[in-house]
Amino acid sequence: MKRYRNLFFSLIGIMLALMVAVTALVVYVDPFFHYHPPIEGFPYIVDNQLSQNPGMAKNMLYDSCIIGSSMTVNFDTDDFNELLGMKTAKLSYSGAYPKDDSNILSIVFDKNTYARKNMDVKAVFIAADIPTMSADVDEIKYPLPEYLYDKNVLNDVEYVLNKDVLFEYILKPVIQGKGSDLSEIYFSWWTPDYYNIQWVMHNYEQPEEAQEKAEPDSLIPATKANLETNILPYVEANPDTEFYFFFPPYSILYWNNVIRENMYEATMNQYMYVTKRLLEYDNVHLFYFQDIDEVLDLNNYADYSHYKPEINRFMVECFKDGSHEVHSEEEMAKELSKMDEMVTGFDFMDLFSQEW
Amino acid sequence: MLFLPIFILGFCLLRRALSDNRSKELVLNVWIIGASLVFYGLFGIKNLAVLIVSILWNAVIVRVLKGKADKRAKIILATGILANVILLLAFKFSGLVLPVAISFYTFNQIAFLVDVYRGEIAFGASEDGFSKETAKDFDDKFSGYAFIKYLSYILFFPKILQGPLMSFNKFAVEQKKSFEAKVDWEKVMRALLLMSMGLFKKVILADTFGKAVNYGFANIAALGRMEAILSAFFYSFQLYFDFSGYCDVATAVCMLMGFDLTINFNSPYKSVNIMDFWKRWHITLTDFFTRYIYIPLGGSRKGALRTYINILIVFLISGIWHGTGWTFVIWGLMHGVMSVITRAIKKKRAANAAHVVSVLANFLYVTAAWVFFRAESAMDAIALFGRMIFGGNRPFYSTFADGFRLNEIWYLIKVTPLMRLSFSWDICLWLFTALAVIIIFFCPNAIEYAGKCRVGVRTTLLTAFLLFWSIMSFGGVATYLYMNF
Chain G
1 MKRYRNLFFS LIGIMLALMV AVTALVVYVD PFFHYHPPIE GFPYIVDNQL SQNPGMAKNM
61 LYDSCIIGSS MTVNFDTDDF NELLGMKTAK LSYSGAYPKD DSNILSIVFD KNTYARKNMD
121 VKAVFIAADI PTMSADVDEI KYPLPEYLYD KNVLNDVEYV LNKDVLFEYI LKPVIQGKGS
181 DLSEIYFSWW TPDYYNIQWV MHNYEQPEEA QEKAEPDSLI PATKANLETN ILPYVEANPD
241 TEFYFFFPPY SILYWNNVIR ENMYEATMNQ YMYVTKRLLE YDNVHLFYFQ DIDEVLDLNN
301 YADYSHYKPE INRFMVECFK DGSHEVHSEE EMAKELSKMD EMVTGFDFMD LFSQEW
Chain R
1001 MLFLPIFILG FCLLRRALSD NRSKELVLNV WIIGASLVFY GLFGIKNLAV LIVSILWNAV
1061 IVRVLKGKAD KRAKIILATG ILANVILLLA FKFSGLVLPV AISFYTFNQI AFLVDVYRGE
1121 IAFGASEDGF SKETAKDFDD KFSGYAFIKY LSYILFFPKI LQGPLMSFNK FAVEQKKSFE
1181 AKVDWEKVMR ALLLMSMGLF KKVILADTFG KAVNYGFANI AALGRMEAIL SAFFYSFQLY
1241 FDFSGYCDVA TAVCMLMGFD LTINFNSPYK SVNIMDFWKR WHITLTDFFT RYIYIPLGGS
1301 RKGALRTYIN ILIVFLISGI WHGTGWTFVI WGLMHGVMSV ITRAIKKKRA ANAAHVVSVL
1361 ANFLYVTAAW VFFRAESAMD AIALFGRMIF GGNRPFYSTF ADGFRLNEIW YLIKVTPLMR
1421 LSFSWDICLW LFTALAVIII FFCPNAIEYA GKCRVGVRTT LLTAFLLFWS IMSFGGVATY
1481 LYMNF
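In order, the protein sequence lines correspond to chains G and R.
Reminder that position 90 of the first sequence reads as 90 in the numbering used here, one-by-one numbering, no gaps.
Reminder that position 138 of the second sequence reads as 1138 in the numbering used here, one-by-one numbering, no gaps.
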């Protein structure tokens, strides 16, 4: 019996030793930056928005950040440094809903983090995706790995004893010897081949035509709730931070979707409402990019909404020199009027009559 | 991960600390009930609420039912069973999310009601593990200890999710044994070995096969011939390792307590025919159907035709119990029809086919039936069979084989000459397939192995290796398949 007892305690000893060793390694390297800033010289691979954004928001040094959906993934943070002199962290979530933005903003503005103890947030650059503004205020795109978002130490076991973390984010970068370039993390559709009209049109599917026209104000209540719950509280609570909101330049096909869904007027009203609410704050800069000429040329897109990185660079230039900034509701009305002219003047029939 | 060690440690400490039988019985039952509620509560408060309502309803029925032997008793029993069935069917057919393990605890409670009605619940008999006080509580008003024991029986967490469906009397005997047991280090080591094998089956094998299965059944129209054939086999493997893994872990937990859990899974793919299969796969469910449906219908006592009809009815119900939709009806009937044929042939002609051929033929038939079990629709299942014939020869689509390339294996293969093989990118898929075939057809079942092997340094290292590998892989673990029934 004593022999079996010894075997039992040996087993426990082996298990504990293995678990402590792996935990120590994960905590030391900390590939998700959950516990501390990156260690000098380790080639970190950053490719997981859900798992790595909260850690980066907590433990990286930055004075500005990019928040929003896949409309923000092709920003090069070096452009922000070069043009605006800012050290910018990219904290995008592909397909983000306002609640996703809120989740990461709550970490960005948490005063108890290493990041905030060492640097203030001078600016936040947020993609204002109108289609997601009418979502439920609690809707998120993907379930979060809660153990990386909460302050419960016990559930961190899912992080420190996780073979994917060990192999994909510690062993693999060590073997490869090369980490991610933080200025280009999360880049998508990165080769020029993706940006051409044949590819876009071949993959584009028109939505079903809605028979009933949406009420002009039908999108306002949900938009109001999202702004007041997920966005504006951060603007109000941080008057010293400049918030750069921008309406991303979706292609003209986006408007075809809006028309077919019979939401044109409701969507226009939604833009006006968001503009009105955002411009109530002195620390908000609002940019409308949807009526730039590039939206008419589908060679600038990988699909109906995702534009090529040159347009991201162009937007950063605008943040610097103020081009396309909207200062009042009247200016926004003019922009939407221009947009309306572009939409009504565009020959959709011709586009869809061709074989792609 | 902490739940189990805390539960077992608490159980052993309480058992050791309490000497008075009455308080030991009470405290340990309360410990089991509390832990089981916490465990079940992890699946959500709504699930827990349905479970509690179901338990209270059945407790009321038992209270009204006990001691009555007239016509009124029959009506009360029928009311009790009907409410259980309605609850189950309401969730199954309303489109609502099915509460976790509702089929299992509902069946358990139906069995309990019937046994109370039949007077087979032996609270009073000392060999069934009850103190006189407990028996008196039951006889008087089904309260106090009796009610606590009932709660313990229904909620007992190692079996609530996927069975086994144990009778109350058997459970009580085993529970009493576990209350009186002392820590047996040899048994502890055997239990941990069994647990490590169960976790390995579930986390490493079942979930890995599951990835290819998910791809295969979601993209039937795009499958090549080999992908279609393997999708069917892999689902067969996935179900096997999923359920077998669960049974091993549940048995191991009970072994740690000194409780012998009823065997529910016994190398079923080694069966020589479909009737043999149901004596090895989900054994206690087969017992339940036999005891509470087949025999009351007349069993085999009313001639061959009635026997066959009764068999078909049982398998039809089994199909509906497993899920809603025609696919489950077809699956149940496939098993029913083959059972009838097997029974008919067996009567006329002694089984003389070669053992290997019988096993193989039965496995192929069971696997074909599983295709209907897994497919979204009967048309999908037929389409999968179609792809097996008309899918053409072509390399595996990357997503199909990707799931098998576990980093811990793939990194090793990359630095070996195996990478020079023409099929090197699919090598992990074939390794898993070979391992599955060896375990399923050529190894003794894990419970048997863990019970008989020589416990020493080698088994200790194997236990540590499998446990550590499984724990490190928990991150991507899916839920147990049988839990959804």
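No residue lacks a Cβ here, since even glycine has one placed at the ideal position from N, Cα and C.
For Asp100/G, collect the residues of the same chain with a Cβ closer than 7 Å to its Cβ; drop the 5 residues on either side in sequence, then sort them by chain order.
Tyr93, Ile140, Lys141
List the endpoints of the continuous alpha helix (DSSP H) containing Tyr186/G.
Looking at the DSSP string, Tyr186/G is not in any alpha helix (DSSP H), and its letter there is neither H nor E.
Could you tell me which of Gln206/G, Ala333/G, Phe314/G, Glu329/G sits nearest to Phe348/G, measuring between CA atoms?
Gln206/G
So Glu236/G is in the alpha helix (DSSP H); what residue range does that whole segment cover?
232-237
Quick check: what's the CA-CA separation for Ala333/G versus Pro38/G?
46 Å
Please report the distance separating the alpha-carbon of Pro54/G from that of Leu171/G.
22 Å
Are at least three pairs of beta-carbons, each pair with one atom in the stretch 1094-1104 of chain R and one in the stretch 1159-1169 of chain R, less than 8 Å apart?
yes
For Ser1054/R, count the other beta carbons within 10 Å of its own beta carbon; 16 or more makes it buried, fewer makes it exposed. Which is it?
buried
Based on the DSSP output, what are the partners of Gly68/G in its beta bridges?
Ser92/G
To which residues of the same chain is Glu158/G closer than 8 Å at the C-beta, ignoring the five residues directly before and after it?
Pro145, Tyr147
Span separating the alpha-carbon of Gly1034/R from that of Leu1155/R
9 Å
Within 9 Å (strictly less), CB to CB, does Met1189/R reach chain G?
yes
Contact between the stretch 1083-1103 of chain R and the stretch 1182-1199 of chain R (3+ Cβ pairs under 8 Å):
No, they do not touch.
Below 8 Å, can you find three or more Cβ-Cβ pairs linking the stretch 339-355 of chain G to the stretch 1011-1027 of chain R?
no
Pick helix, strand or coil for Ile45/G, following the three-state DSSP scheme.
coil
Taking Tyr1117/R as part of the alpha helix (DSSP H), name the residues at either end of that continuous run.
1102-1117
By Cβ distance, which residues of its chain are closer than 6 Å to Ala1125/R, with the 5 residues on each side in sequence left out?
Residue placement at Ala1125/R cannot be trusted, given a pLDDT of 46 that sits under 50; what the coordinates show is reported in the next sentence. Once the five neighbours on either side are set aside, Ala1125/R has no close Cβ partner at all.
Alpha helix (DSSP H) containing Phe1147/R: first to last residue?
Its alpha helix (DSSP H) spans residues 1144-1155.
Quick one: which residues of the stretch 150-175 of chain G get their C-beta closer than 9 Å to a C-beta of chain R? List them in chain order.
Leu154, Val157, Glu158, Tyr159, Leu161, Asn162, Lys163, Asp164, Val165, Leu166, Phe167, Glu168, Leu171, Lys172, Ile175
What residues in the stretch 1192-1208 of chain R bring their beta carbon closer than 9 Å to a beta carbon of chain G?
Leu1192
Taking just the CA atoms, how far does Val1457/R sit from Lys2/G?
The alpha-carbon separation between Lys2/G and Val1457/R amounts to approximately 14 Å.
Using the Cα positions of Phe287/G and Lys308/G, report the straight-line distance between them to the nearest angstrom.
18 Å
Within chain G, the residues that Leu1467/R reaches when beta carbons sit closer than 7 Å
Met15
Note down, in chain order, each residue of its chain lying with its Cβ closer than 6 Å to the Cβ of Leu1297/R, except the 5 sequence neighbours on either side.
Asn1310
Going along the chain, which residues of its own chain have a beta-carbon closer than 8 Å to the beta-carbon of Val1064/R, five neighbours each way excluded?
Ile1076
So is Val1455/R in contact with chain G if we call contact Cβ pairs under 9 Å?
yes
Can you give me the C-alpha to C-alpha distance between Glu1127/R and Phe1259/R, rounded to a whole angstrom?
Confidence at Glu1127/R is low in this model, with a pLDDT of 48, below 50, so its placement is unreliable and the value that follows should be read with caution. Distance between the alpha carbons of Glu1127/R and Phe1259/R is about 16 Å.
Beta-carbon neighbours of Thr1399/R, restricted to chain G and to distances below 8 Å
Within chain G, no residue comes near Thr1399/R; the closest Cβ sits about 18 Å away, beyond 8 Å.
Going by beta-carbon coordinates alone, are Ala96/G and Gly68/G separated by less than 9 Å?
yes
Do the stretch 1220-1228 of chain R and the stretch 1241-1259 of chain R make contact, defined as three or more Cβ pairs closer than 8 Å?
no
Do Thr1262/R and Thr1284/R have their CB atoms nearer than 9 Å?
yes
Kindly indicate the opening and closing residues of the beta strand (DSSP E) around Tyr288/G.
That run of the beta strand (DSSP E) goes 284-288.
Does the CB of Tyr44/G have a neighbour CB from chain R at under 9 Å?
no
Can you confirm whether Ala1460/R, when its beta carbon is compared against all beta carbons of chain G, has any partner nearer than 9 Å?
A small correction: the amino acid at residue 1460/R is Thr; Ala does not occupy that position in the sequence shown. Answer yes: the Cβ-Cβ gap between Thr1460/R and chain G drops below 9 Å somewhere.
Measuring CA to CA, which of Leu1026/R, Phe1091/R, Glu1025/R is closest to Asn1047/R?
Phe1091/R
If contacts are defined as beta-carbon pairs under 8 Å, then Ser1231/R and Gly1216/R qualify, I think. What distance do you get, rounded to the angstrom?
3 Å
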